[in-house]
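First residue of the sequence shown? That's 5 in the numbering used here, and the numbers climb one at a time after it. Using N, Cα and C, we set each Cβ at its ideal position, and we do this for glycine too. Here the structure is a predicted model, which is why all the values come from computation and not from measurement. This report concerns only the one structure given below.
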Amino acid sequence: MERCKVEILNKLGLHARPAMTFAEKASEFTSTITVRRIDSEDSVDGKSIMQMLMLAGTMGTKLEIVADGDDAKAALGALQELVNARFQEDE
Numbered sequence: 005m006e007r008c009k010v011e012i013l014n015k016l017g018l019h020a021r022p023a024m025t026f027a028e029k030a031s032e033f034t035s036t037i038t039v040r041r042i043d044s045e046d047s048v049d050g051k052s053i054m055q056m057l058m059l060a061g062t063m064g065t066k067l068e069i070v071a072d073g074d075d076a077k078a079a080l081g082a083l084q085e086l087v088n089a090r091f092q093e094d095e
């Protein structure tokens with residue numbers, strides 16, 4: 005099991021497009037991916053757009069991503085890179 009902490013950097017936060025981008029990237033891996041807000045114990049399935057939206061992440065929200073499986077390290081690296089790149093959004 006691998007885990008990392010990230011901060012949402014894009015101005016509009018975790019709205020539909022970033023949630024979809026995250027879920028699609030997470031789905032490329034066989035590992036189980038869960039995500040939670042640092043200020044909450046509840047985690048969601050990182051491969052589900054709807055569950056990712058339930059995090060209601062705004063700019064500055066800190067998240068913990070957990071990956072469990074054979075490709076966990078690669079999954080975390082890719083997802084951390086995606087979040088740090090502002091979900092490929094301009095702002």
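Item	Value
Cβ contact check for the stretch 12-19 and the stretch 56-67: 3 or more pairs under 8 Å	yes
C-beta contact flag for Thr36 and Asp72 at 7 Å	yes
Straight-line Cα distance separating Ala89 from Leu80	14 Å
Three-state class that DSSP yields for Ile42 in the structure shown	coil
Backbone CA spacing between Val87 and Val10 [nearest angstrom]	7 Å
Extent of the continuous beta strand (DSSP E) to which Arg21 belongs	Premise fails: Arg21 lies in the alpha helix (DSSP H), Ala20 to Ala30, not in any beta strand (DSSP E).
Beta-carbon gap between Ala76 and Lys29 smaller than 7 Å	no
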